[in-house]
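Novice: Please see the structure below; I have some questions.
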Amino acid sequence: MIPPLLLNSLLSRKAIILQHSVPCKKKRRLAAVDSDPVLLALCSCARILVHSSPVCAAETRMTETLDKKIAFIGAGVMAFALAKGFVDSERVKKEQVYMLVRNETKRSLVEDLGYKSFQNIAGLADVDIVVISVKPQDAVQVLCDIRMVVDKEKHLLISICAGLSLDTLARALDPSALNRRICRVMPNTPSQVARGVSVFALGEGCTDEDRVTVESLMTAVGSCYRVQEKHIAAAGAISGSGPAFIFTLLEALSDAGVKNGLPRKLAQDLALDMVEGSAALARVEFGRRHFAELKDQVTSPGGTTIAGIAALERWGFRNAIIQAIDATTDRAKDLDC
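Numbering (this note's numbering), first residue to last: 1 to 337.
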């Protein structure tokens with residue numbers, strides 16, 4: 001949603017937007033837009049642009065439909081979110097998506113959604129990409145179970161299990177051959193609405209084509225960043241667990257509004273729009289202004305906002321956030337076998 005304060009600017013610039021915008025799935029930076037902060041904000045809200053840091057941002061290099069079959073082992077929230085994003089963005093067709101499910105109710109759900117289901121791991125032989133989307137504590141056993149079916153020449157294996165290193169995944173799949181085509185991806189739940197953030201690390205056996213495939217798939221559900229594996233726990237703590245922290249913040253803001261006399265619905269709407277608009281502004285100013293400068297813009301001497309900031313500092317808000325990321329990162333590392 002475009003922040004209300006930008007609507008007037010949109011009306012005056014709509015011809016420029018129409019002239020210079022591109023389909024969202026192309027995700028490239030536009031020089032004509034970069035020079036105008038308002039257009040940059042509008043495009044950012046519309047997901048026309050992606051972050052272009054040369055270190056870690058992945059631009060989509062394949063926008064056509066992939067000629068690959070994808071099988072999900074585990075049919076949880078993230079599996080369905082990713083499958084929906086892949087199909088909605090036309091990266092793959094529904095008939096290219098398979099899910100290994102043994103629960104009859106879930107199998108019916110899979111088939112009702114138009115995906116293919118199978119109960120036996122032998123079905124993996126016919127696919128090109130295997131996505132491990134089970135709980136971390138179950139992943140090693142799953143890999144041991146499928147090791148006789150997965151072929152290192154044919155299959156790209158993508159794990160979205162928190163904590164498990166590339167080495168652990170490779171050893172579970174084949175202790176004698178560690179150069180498997182394995183990729184670790186940490187997506188997040190906003191992928192359900194194509195506004196996700198994913199980080200990924202490639203194993204030594206992955207090819208350049210594998211990298212492009214992963215980037216193409218993950219940019220279908222949001223933005224994605226390639227990182228060194230040593231950074232994936234911390235990066236995943238921010239992007240993967242971060243939504244839970246933001247939802248907790250939204251809940252607290254809503255409760256605070258109600259405590260101070262606001263109707264619940266109004267408090268929720270205000271909190272949601274404020275967070276969305278603040279993120280859009282921060283994105284526009286990224287690289288030009290530090291987050292602290294944006295905070296200072298809101299605070300005036302002796303004003304209401306600085307009183308609130310002082311209360312946050314007094315109650316350890318900043319440290320609580322840092323400790324939450326630390327704890328999440330440490331727990332992810334503990335999950336590795």
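All residues carry an ideal CB built from backbone N, CA and C; glycine is no exception.
Keep in mind the model is a prediction, meaning the values are calculated, not measured.
Name the two residues that bound the continuous alpha helix (DSSP H) containing G196.
Specialist: The residue given as residue 196 occupies position 196 in the sequence shown. Segment 196-202 is the beta strand (DSSP E) holding G196; no alpha helix (DSSP H) there.
Novice: Under DSSP, the beta strand (DSSP E) around G240 begins and ends at which residues?
Specialist: What you label residue 240 is simply residue 240 of the sequence shown in a count that begins at 1. Segment: none, G240 is in no beta strand (DSSP E) and carries neither H nor E.
Novice: Report yes or no: do the segment 190-201 and the segment 223-231 share at least 3 C-beta pairs separated by less than 8 Å?
Specialist: yes
Novice: Would you say I73 and V149 are within 8 Å of each other, going by their C-beta atoms?
Specialist: As a first step, residue 73 is located in the sequence shown; it is residue number 73 there, counting from the start. As a first step, residue 149 is located in the sequence shown; it is residue number 149 there, counting from the start. No. Outside cutoff.
Novice: Tell me which residue opens and which closes the alpha helix (DSSP H) that R264 is part of.
Specialist: Within the sequence shown, residue 264 is the residue found at index 264, counting from 1. Element bounds for R264: 264-285.
Novice: In the DSSP assignment, the beta strand (DSSP E) including K93 goes from what residue to what residue?
Specialist: In the sequence shown, counting from the first residue as 1, residue 93 sits at position 93. Where K93 is concerned, there is no enclosing beta strand (DSSP E), given that its DSSP letter is neither H nor E.
Novice: Does A83 come out as helix, strand or coil in the three-state DSSP assignment?
Specialist: Numbered from 1 along the sequence shown, position 83 holds the residue referred to as residue 83. Note: A83 maps to helix in three-state DSSP.
Novice: Can you confirm whether the segment 121-141 touches the segment 301-318 when touching is taken to mean that 3 or more C-beta pairs between the two stretches lie within less than 8 Å?
Specialist: no
Novice: For M148, name the three-state secondary structure that DSSP assigns.
Specialist: On the sequence shown, position 148 is the one that residue 148 refers to. Residue state, collapsed to three classes: coil.
Novice: Answer with buried or exposed for D145, where buried requires no fewer than 16 other C-beta atoms within 10 angstroms of its C-beta.
Specialist: Start at 1 with the first residue of the sequence shown, and residue 145 comes out as number 145. When all chains shown are included, D145 counts as exposed.
Novice: Out of curiosity, what's the CA-to-CA distance linking A237 and N103?
Specialist: Position 237 of the sequence shown holds residue 237. Position 103 of the sequence shown holds residue 103. When rounded, the distance between both Cα atoms is 31 Å.
Novice: Would you say L281 and L294 are within 8 Å of each other, going by their C-beta atoms?
Specialist: Position 281 of the sequence shown, counting from 1, holds the residue named residue 281. Position 294 of the sequence shown, counting from 1, holds the residue named residue 294. Yes, they are a contact pair.
Novice: Determine, using beta carbons only, whether T189 and V87 come nearer to each other than 8 Å.
Specialist: Against the sequence shown, residue 189 aligns to sequence position 189. Against the sequence shown, residue 87 aligns to sequence position 87. No; because the gap between Cβ atoms is not below 8 Å, this pair is not in contact.
Novice: Using the beta-carbon count (16 or more within 10 Å), is P263 buried or exposed?
Specialist: Position 263 of the sequence shown, counting from 1, holds the residue named residue 263. Per the 10 Å Cβ criterion, exposed.
Novice: For K116, which three-state DSSP category applies?
Specialist: Taking the sequence shown and counting its residues from 1, the one referred to as residue 116 is at position 116. Strand at K116.
Novice: Taking the alpha-carbon positions, what's the P187 to N120 distance?
Specialist: The sequence position of residue 187 within the sequence shown is 187, counting from 1. The sequence position of residue 120 within the sequence shown is 120, counting from 1. When rounded, the distance between both Cα atoms is 26 Å.
Novice: Would you kindly check if the distance between the Cβ of I160 and the Cβ of S191 is under 8 Å?
Specialist: Translated into positions along the sequence shown, residue 191 becomes position 191. Translated into positions along the sequence shown, residue 160 becomes position 160. No; because the gap between Cβ atoms is not below 8 Å, this pair is not in contact.
Novice: Quick one: residues in its chain with C-beta nearer than 7 Å to the C-beta of P243, no 5 flanking neighbours on either side, listed in chain order?
Specialist: Here residue 243 is taken as the residue at index 243 of the sequence shown, counted from 1. Correct list, in chain order: N188, T189, P190.
Novice: Alpha helix (DSSP H) containing R226: first to last residue?
Specialist: Numbered from its first residue, the sequence shown carries residue 226 at position 226. Premise fails: R226 lies in the beta strand (DSSP E), 222-226, not in any alpha helix (DSSP H).
Novice: Measuring straight from C-alpha to C-alpha, what distance separates R331 and D151?
Specialist: Translated into positions along the sequence shown, residue 331 becomes position 331. Translated into positions along the sequence shown, residue 151 becomes position 151. Their backbone Cα atoms lie some 32 Å apart in a straight line.
Novice: Ignore the nearest five residues each way along the sequence and tell me which others in A235's own chain have a CB closer than 6 Å to its CB.
Specialist: Numbered from 1 along the sequence shown, position 235 holds the residue referred to as residue 235. Around A235: V199, V227.
Novice: When you compare only the Cα positions, how much space is there between R181 and E276?
Specialist: The count along the sequence shown starts at 1 and reaches residue 181 at position 181. The count along the sequence shown starts at 1 and reaches residue 276 at position 276. Their Cα atoms are separated by approximately 38 Å.
Novice: Could you tell me whether the Cβ atoms of D126 and K68 are closer together than 8 Å?
Specialist: By one-based count along the sequence shown, residue 126 stands at place 126. By one-based count along the sequence shown, residue 68 stands at place 68. No.
Novice: Using a Cβ-Cβ cut-off of 7 Å (strictly less than) and excluding sequence neighbours within five positions of E111, which residues of its own chain qualify?
Specialist: Counted from its first residue, the sequence shown places residue 111 at position 111. Same-chain partners within the cutoff: S117.
Novice: Thinking C-beta only, is G85 closer than 8 Å to V221?
Specialist: For the purposes of this step, residue 221 is taken as the residue at position 221 of the sequence shown. For the purposes of this step, residue 85 is taken as the residue at position 85 of the sequence shown. Yes, they are a contact pair.
Novice: If V92 and L66 are in contact, beta carbons under 8 Å, what's the gap, nearest whole angstrom?
Specialist: Stepping through the sequence shown from its first residue, residue 92 is reached at position 92. Stepping through the sequence shown from its first residue, residue 66 is reached at position 66. 5 Å between Cβ atoms; contact.
Novice: In angstroms with no decimal places, state the Cα-to-Cα distance between V38 and V214.
Specialist: Position 38 of the sequence shown, counted from the first residue, corresponds to residue 38. Position 214 of the sequence shown, counted from the first residue, corresponds to residue 214. Reliability of the predicted coordinates at V38 is poor, the pLDDT of 49 falling under 50, and the value obtained from them is presented with this limitation in mind. Whole-angstrom Cα-Cα distance: 32 Å.
Novice: Alpha helix (DSSP H) containing A292: first to last residue?
Specialist: Translated into positions along the sequence shown, residue 292 becomes position 292. Looking at the DSSP string, the run of the alpha helix (DSSP H) that includes A292 is 291-298.
Novice: Just reading off the beta strand (DSSP E) that V130 is part of, what are its end residues?
Specialist: Locating residue 130 in the sequence shown gives position 130, counting from the first residue. From DSSP, the beta strand (DSSP E) with V130 extends over 129-132.
Novice: Name, in chain order, the residues that DSSP records as bridge partners for V185.
Specialist: Your numbering for residue 185 matches position 185 in the sequence shown. Per DSSP, the beta-bridge partners of V185 are F200.
Novice: By DSSP, does S165 sit in helix, in strand, or in coil?
Specialist: The sequence position of residue 165 within the sequence shown is 165, counting from 1. S165 falls in the coil class under three-state DSSP.
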